[in-house]
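**Student:** Input: one structure, supplied below.
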Amino acid sequence: VNRQRRRQKTLSQEYCRRLDAVGFVWDVLAFQWEEGFDHLVRYRQDKGDCLVPATYRDPASGFRLGGWVSAQRTSQKTLSQEYRRRLDALGFAWDPLAAQWEEGYAHLARYRKQNGHCLVPVGYRAPVTHFRLGTWINSQRTNQKTLSLDRRQRLDGLGFVWDVLASQWEAGFEHLAIYHKQNGHCLVPVSYRDPDTRYRLGAWVNRQRTNQKTLSRERRQQLAALGFVWKVRS
Numbered sequence: 114v115n116r117q118r119r120r121q122k123t124l125s126q127e128y129c130r131r132l133d134a135v136g137f138v139w140d141v142l143a144f145q146w147e148e149g150f151d152h153l154v155r156y157r158q159d160k161g162d163c164l165v166p167a168t169y170r171d172p173a174s175g176f177r178l179g180g181w182v183s184a185q186r187t188s189q190k191t192l193s194q195e196y197r198r199r200l201d202a203l204g205f206a207w208d209p210l211a212a213q214w215e216e217g218y219a220h221l222a223r224y225r226k227q228n229g230h231c232l233v234p235v236g237y238r239a240p241v242t243h244f245r246l247g248t249w250i251n252s253q254r255t256n257q258k259t260l261s262l263d264r265r266q267r268l269d270g271l272g273f274v275w276d277v278l279a280s281q282w283e284a285g286f287e288h289l290a291i292y293h294k295q296n297g298h299c300l301v302p303v304s305y306r307d308p309d310t311r312y313r314l315g316a317w318v319n320r321q322r323t324n325q326k327t328l329s330r331e332r333r334q335q336l337a338a339l340g341f342v343w344k345v346r347s
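Throughout, the numbering used here is defined as the position within the sequence shown, counted from one, plus 113.
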């Protein structure tokens, strides 16, 4: 087979025709590239992007698409203009670090679409790709000050929660405000749960009493404005 490839230009037309008829591969590297590109096209059709995890394999064929994608980035400067053009047309990400960020953002966008919020548990992994979305989220919070304005704005557009504890407190306060409006007081039973959301408002109220001395002045004032009772038995 290797000899036929070396002698392609000197082989008779009949020999070339017969080899072509059985699907002979004259250029192995080109064939391998086309195979990878075909897998990438299918991945994009299925996932909507070209952000292939580095360890990803096609579930049907076992093709190491993640490795192929990484090879294209490494070889970007030596790839033919035609190959680069075709990859660009798919929305290929050439910068690995930028690609990793975009991969995380894409997973977060899907998570928000499915769950209605961006409060991803720290140990959460995407069910299909096993992408460590919880770890990625934590990294964005840690690097908030060094993130570009564009990235911060895109995360804000999804409703990203930069301060989880503050968000949790605000959620509890909002439930308490609703309870006060409905009942006219803040004397929430310890075991009380919101009947619709099952939120443990009673437990949250109890924590505010326990943490009274460490609460910020602003939060104590917010609670006081609702008529919050710090000492239930008094």
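The beta carbon of each residue, even a glycine, is placed where N, CA and C say it ideally should be.
Which residue from 274, 343, 270 and 203 puts its Cα closest to that of residue 231?
**Tutor:** 274
**Student:** Could you tell me the distance, in whole angstroms, from the CA atom of residue 257 to the CA atom of residue 265?
**Tutor:** Their Cα atoms are separated by approximately 8 Å.
**Student:** Along the chain, where does the alpha helix (DSSP H) that runs through residue 281 open and close?
**Tutor:** Boundaries of the alpha helix (DSSP H) around residue 281: 277-296.
**Student:** Apply the 10 Å Cβ neighbour rule to residue 229 and answer buried if 16 or more other Cβ atoms are within range, or exposed otherwise.
**Tutor:** exposed
**Student:** In chain order, which alpha helix (DSSP H) runs of at least 4 residues are fully inside the segment 208-267?
**Tutor:** 209-228 and 246-255
**Student:** Do residue 305 and residue 315 have their C-beta atoms closer together than 7 Å?
**Tutor:** yes
**Student:** Should residue 225 and residue 271 be called a contact, given that it needs their Cβ atoms to be closer than 7 Å?
**Tutor:** Yes, the pair counts as a contact, with Cβ atoms nearer than the cut-off.
**Student:** Spell out a yes or no on whether the segment 208-217 and the segment 157-172 are touching, meaning 3 or more CB-CB pairs, one atom from each, closer than 8 Å.
**Tutor:** By the Cβ test, the segment 208-217 is in contact with the segment 157-172, since at least three Cβ pairs between them sit closer than 8 Å.
**Student:** Going along the chain, which residues of its own chain have a beta-carbon closer than 7 Å to the beta-carbon of residue 183, five neighbours each way excluded?
**Tutor:** 167
**Student:** For residue 312, does the three-state DSSP call read helix, strand or coil?
**Tutor:** coil
**Student:** Near residue 342, what residues of its chain come up, given a Cβ to Cβ distance below 7 Å and the 5 sequence neighbours on each side ignored?
**Tutor:** 299 and 300
**Student:** Please name the residue, chosen from 121, 170 and 251, that lies closest to residue 156 on a Cα-to-Cα basis.
**Tutor:** 170
**Student:** What residues in its chain sit with their C-beta under 8 Å from that of residue 189, if we drop five residues either side in the sequence?
**Tutor:** 197 and 207
**Student:** For residue 324, which of helix, strand or coil comes out of DSSP?
**Tutor:** coil
**Student:** Return the Cβ separation of residue 220 and residue 246 in integer angstroms, given the expectation that the two are a contact with Cβ distance under 8 Å.
**Tutor:** 5 Å
**Student:** Please classify residue 152 as buried or exposed, where buried requires at least 16 neighbouring CB atoms within 10 angstroms.
**Tutor:** So residue 152 counts as buried.
**Student:** Hey, would you say residue 177 sits closer than 7 Å to residue 209, going by beta carbons?
**Tutor:** no
**Student:** Taking 7 Å as the threshold (C-beta atoms), are residue 181 and residue 204 in contact?
**Tutor:** no
**Student:** Which residue from 179, 345 and 280 puts its Cα closest to that of residue 322?
**Tutor:** 345
**Student:** Using 8 Å for Cβ pairs, my map puts residue 285 next to residue 317. What's the rounded Cβ distance?
**Tutor:** 4 Å
**Student:** Nearest by alpha-carbon distance to residue 241: which of 253, 263 and 172 is it?
**Tutor:** 172
**Student:** Please give me, in chain order, every unbroken run of the alpha helix (DSSP H) with length at least 4 that falls completely inside the segment 132-171.
**Tutor:** Here the runs fully enclosed are 141-160.
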